[in-house]
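Here's the structure we're looking at; comments come further down.
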Amino acid sequence: MSNIVATERYVTADFRSAPLVALADLMGLGAFQSQIAKNPEVYAPILNGIALYRHLPSAERRQVNSAIINNVPYGSLTTKLLGLIGELSVQNRWYMWSLSDEELIEFFRFSRNKEKTTNQFNPLALPDFTVGSVATGIFLMSQKGPRAYVSAQLQALKESELIKVVARKLGAGSQLAGTLGALSVPAIIVISGLNIMAKNESAKAKKELAARGLLAYSEL
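Heads up: the sequence shown runs through residues 204 to 423, numbered per the numbering used here.
So, in structure tokens, the structure goes:
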């Protein structure tokens with residue numbers, strides 16, 4: 204398999220003291236730490252292969268698959284390891300540990316920029332709108348339909364601080380509330396959802412960058 208060792212990318216204390224166990228924990232295999240630690244000659248190349256899987260040529264990918272099938276006693280761990288490979292094939296941004304340093308830096312910058320952009324148009328990030336209020340809005344719309352829900356809420360919204368702030372953000376005047384349509388609230392929820400996702404992605408990428416010693420001091 205590849206000569207690259209995934210654990211060597213990390214600079215944290217756990218990777219210095221017990222790199223294989225630390226990698227297993229990072230990959231969500233904490234429940235199998237004991238089994239993995241007892242057989243490093245079996246699991247070190249497998250976990251390393253999965254961590255680097257996306258970057259391996261097809262022949263080496265087949266070696267990783269074969270090692271799991273032939274060398275790991277069939278059970279929950281086998282299913283989990285093969286599942287990780289399957290998930291990497293579906294969405295390569297689900298696991299930060301699967302990204303190269305260059306991909307990770309690019310993903311962090313993209314997520315941070317997406318967070319900044321959506322935050323400009325995200326009224327639900329204001330103190331007077333909570334996650335609970337978003338969930339309530341989604342539930343009521345599912346029960347009554349967006350038009351009925353918005354019609355019932357528009358009058359109360361017209362004089363709210365939320366509308367005033369949104370109007371300022373969008374460069375609109377006080378007439379904004381009167382022009383809100385049935386699609387406005389769903390659109391706001393979508394923007395809020397994108398903003399929350401971007402924050403989560405940015406935070407995960409930043410944590411991974413820190414673990415690899417790739418963050419600039421100003422980004423800490």
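Just so it is clear, CB atoms sit at the ideal spot from N, CA and C, and this is done for glycine as well.
Going by beta carbon distance, what residues of the same chain come within less than 8 Å of Asp-304, once the five residues before and after it are set aside? The residues are Arg-212, Arg-415 and Leu-417.
What's the gap between the Cα of Phe-218 and the Cα of Ala-419? Rounded to the nearest whole angstrom, the C-alpha separation of Phe-218 and Ala-419 is 20 Å.
Would you tell me roughly how many angstroms separate the C-alpha atoms of Ala-221 and Tyr-256, rounded to the nearest one? For Ala-221 and Tyr-256, the distance between alpha carbons rounds to 22 Å.
Would Ala-406 pass as an interface residue toward chain B - the criterion being a Cβ-Cβ separation below 8 Å? This model lacks chain B altogether, as it is built from one protein chain only.
Thr-215, DSSP secondary structure in three states: Here Thr-215 sits in coil by DSSP.
State the DSSP-derived secondary structure class of Pro-260, mapped to helix, strand or coil. Pro-260: coil per DSSP, three-state reduction.
I need the DSSP call for Ile-239, collapsed to helix, strand or coil. Three-state DSSP puts Ile-239 in a helix.
What does a CB cutoff of less than 8 Å around Pro-243 pick up in its chain, not counting 5 residues either side in sequence? Same-chain partners within the cutoff: Leu-223.
So which of Ala-216, Ile-207 and Ser-405 has the shortest CA-CA distance to Gln-313? For clarity, residue 313 is Phe in the given sequence; the question names Gln instead. The shortest C-alpha separation from Phe-313 is found at Ser-405.
Taking the continuous alpha helix (DSSP H) assigned at Ser-421, which residues delimit it? That residue, Ser-421, is in no alpha helix (DSSP H); it is neither H nor E in DSSP.
Should Ala-408 and Leu-307 be called a contact, given that it needs their Cβ atoms to be closer than 8 Å? A distance below 8 Å separates the beta carbons of Ala-408 and Leu-307.
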